[in-house]
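K.L.:
The structure's right below; bear with me while I get my questions together.
Structure follows, in structure tokens:
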């Protein structure tokens, strides 16, 4: 079985890496070959993370994607979000294959980029595009309940929920999380495009750092984004991220309760828990399902709750260890490639083989 996988990015982009690329070896062992073709090239993300947006990259992507869709010689097409970003559905629809199953995957609320846009023109032209894609698709794979509910309301006939997961082989279980002597390390992992989520708790952590020894780390943020705040930046690479996370004592995921954030799949929480870290997260979207308050971490709404949760974890190695162990067990049970790959294989075969 050969599947044309139309991703948004190459494996430098987290969504494409985690929702498509990391499944490739598992699918290959089951006789499913992925022909992965990203919309944006690697240079686009490298420039974007450096603070520069390459406008011509979109035109290049449209050209490559149009060629790919006109020359499909595969058994199915697997699309990340949409085939042609910022192209009206009436145009994209003409390029979709008519005689092949189409799977569309969502790990964020991309529909809100259109239907919540400040421009009335964008809302009018694109506001229902993703709903039309969901309705047309043979299968929508959603990374969270919020996204699955949107697909259902759009009229999708077949929806499956597959969370964004880790490869357990990259996260071997440590005998126990042993904190190093010195300050308790409170950390966040993300990218330059999401570092702004740290701002609302920055002043709180600065105040707390004067009261108790804590060290605040932002893995993947640019240093200039953290100037004057309590966080210091650590460079992210795919090869170093697990060891960087293991150097933390607490993992955090602050989010505002807004439409875009409700569609997030909580992947950084899964990473923290896989490393045996206790977590503190805003009760938004998938965070509510991943975090069992008081069992594998804390849900904190408002600065007072954040302060209390941080103080509890900073003040007790025993609580950190207990919650971290529970989080690790939860990840092993549900949030791994080893658990979710068989489901994906079954879904792909059920779509392709009967035809």
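In this note's numbering, the protein residues as written are -13 to 341.
Glycine included, every Cβ here is placed at the ideal spot set by N, Cα and C.
(1) When the distance is taken between beta carbons, is residue 73 closer than 9 angstroms to residue 82?
(2) So which of 297, 63, 336 and 49 has the shortest CA-CA distance to residue 196?
(3) Given this structure, state the Cα-to-Cα distance separating residue -10 from residue 100, to the nearest angstrom.
(4) Relative to the alpha-carbon of residue -4, which residue among 286, 61, 47 and 42 has its alpha-carbon at the smallest distance?
(5) For residue 51, count neighbouring Cβ atoms within 10 angstroms of its own Cβ and tell me buried if that reaches 16, exposed if not.
(6) To the nearest angstrom, report how far apart residue 319 and residue 219 are at their CA atoms.
(7) Among the residues of its own chain, which have a CB less than 7 angstroms from the CB of residue 327, if the five just before and after it don't count?
(8) Pick from 86, 133 and 240: whose alpha carbon is nearest that of residue 98?
(9) Going by C-alpha to C-alpha distance, which of 290, 286, 294 and 253 sits closest to residue 276?
(10) What span of residues does the alpha helix (DSSP H) with residue 289 cover, start to end?
(11) Taking DSSP's pairing of strands, which residues face residue 168 in a bridge?
(12) Let me know if residue 152 comes out buried or exposed under the rule of 16 or more other beta-carbons within 10 Å of its beta-carbon.
(13) For residue 239, write down the residues that DSSP places opposite it in a beta bridge.
(14) Would you kindly check if the distance between the Cβ of residue 123 and the Cβ of residue 144 is under 9 angstroms?
(15) On a Cα-Cα basis, can you pick out the residue from 323, 302 and 43 that is closest to residue 260?
(16) Roughly how many angstroms lie between the CA atoms of residue 272 and residue 41, to the nearest whole one?
(17) Is residue 241 near the ligand PLP, judged by its Cβ being under 8 angstroms from some heavy atom?
(18) What are the start and end residues of each continuous alpha helix (DSSP H) run of 4 or more residues lying completely inside the stretch 66 to 135, in chain order?
(19) For residue 53, count neighbouring C-beta atoms within 10 Å of its own C-beta (all shown protein chains included) and say buried if the count is 16 or more, exposed if not.
(20) Around the Cβ of residue 77, are there at least 16 other Cβ atoms within 10 angstroms (buried) or fewer (exposed)?
(21) I'd like to confirm the pairing. Which residues does DSSP put opposite residue 322 in its beta bridges?
(22) Look at the Cβ atom of residue 130, then the Cβ atom of residue 250, and state whether they are nearer than 9 angstroms.
(23) Could you check whether residue 160 and residue 262 sit closer than 9 angstroms to each other, using their CB atoms as the reference points?
(24) What would DSSP say about residue 284, mapped onto helix, strand or coil?
(25) Among 170, 290 and 29, which has the Cα closest to the Cα of residue 303?
(26) Which residues in the same chain have their Cβ closer than 6 angstroms to the Cβ of residue 126, if we skip the five residues on either side of it in sequence?
(27) With DSSP as the reference, identify every bridge partner of residue 331, one or two as the case may be.
(28) Using DSSP with H/G/I as helix, E/B as strand and the rest coil, what is residue 21?
(29) Using three-state DSSP, classify residue 356 as helix, strand or coil.
(30) Straight-line CA distance for residue -6 to residue 65?
(31) Comparing C-alpha positions only, which one of -1, 246, 308 and 5 sits nearest to residue 148?
(32) In angstroms, rounded to a whole number, what distance separates the CA positions of residue 232 and residue 155?
(33) Three or more beta-carbon pairs under 8 angstroms between the stretch 198 to 215 and the stretch 170 to 180, yes or no?
(34) Look at the alpha carbon of residue 211 and the alpha carbon of residue 332, and state the distance between them as a whole number of angstroms.
(35) If you count every other CB in all the chains shown that lies within 10 Å of the CB of residue 226, and 16 or more means buried, which is it?
(36) Would you identify the three-state DSSP class for residue 338, choosing helix, strand or coil?
P.N.:
This is what the structure holds:
(1) no
(2) 297
(3) 26 angstroms
(4) Answer by Cα proximity: 47.
(5) buried
(6) 32 angstroms
(7) 9 and 12
(8) 133
(9) 253
(10) For residue 289, the enclosing alpha helix (DSSP H) has its first and last residue at 289 to 301.
(11) Under DSSP, no beta-bridge partner is assigned to residue 168.
(12) buried
(13) 267
(14) yes
(15) 323
(16) Distance between the alpha carbons of residue 272 and residue 41 is about 33 angstroms.
(17) Only the bare structure without any ligand can be found here, which leaves the ligand PLP out of the picture.
(18) 75 to 81, 97 to 101, 106 to 112 and 115 to 122
(19) exposed
(20) exposed
(21) 152
(22) yes
(23) yes
(24) strand
(25) 170
(26) Non-local C-beta neighbours of residue 126 in its own chain, meaning closer than 6 angstroms and more than five positions away in sequence, comprise 90, 120, 137, 142 and 145, ordered along the chain.
(27) For residue 331, which the question treats as bridged, DSSP gives no partner whatsoever.
(28) strand
(29) One cannot answer for residue 356 here, as it falls past the ends of the chain, which runs -13 to 341.
(30) 8 angstroms
(31) 5
(32) One alpha carbon belongs to residue 232, the other to residue 155, and they sit about 15 angstroms apart.
(33) Touching, yes, given that three or more Cβ pairs across the two stretches are closer than 8 angstroms.
(34) 43 angstroms
(35) exposed
(36) helix
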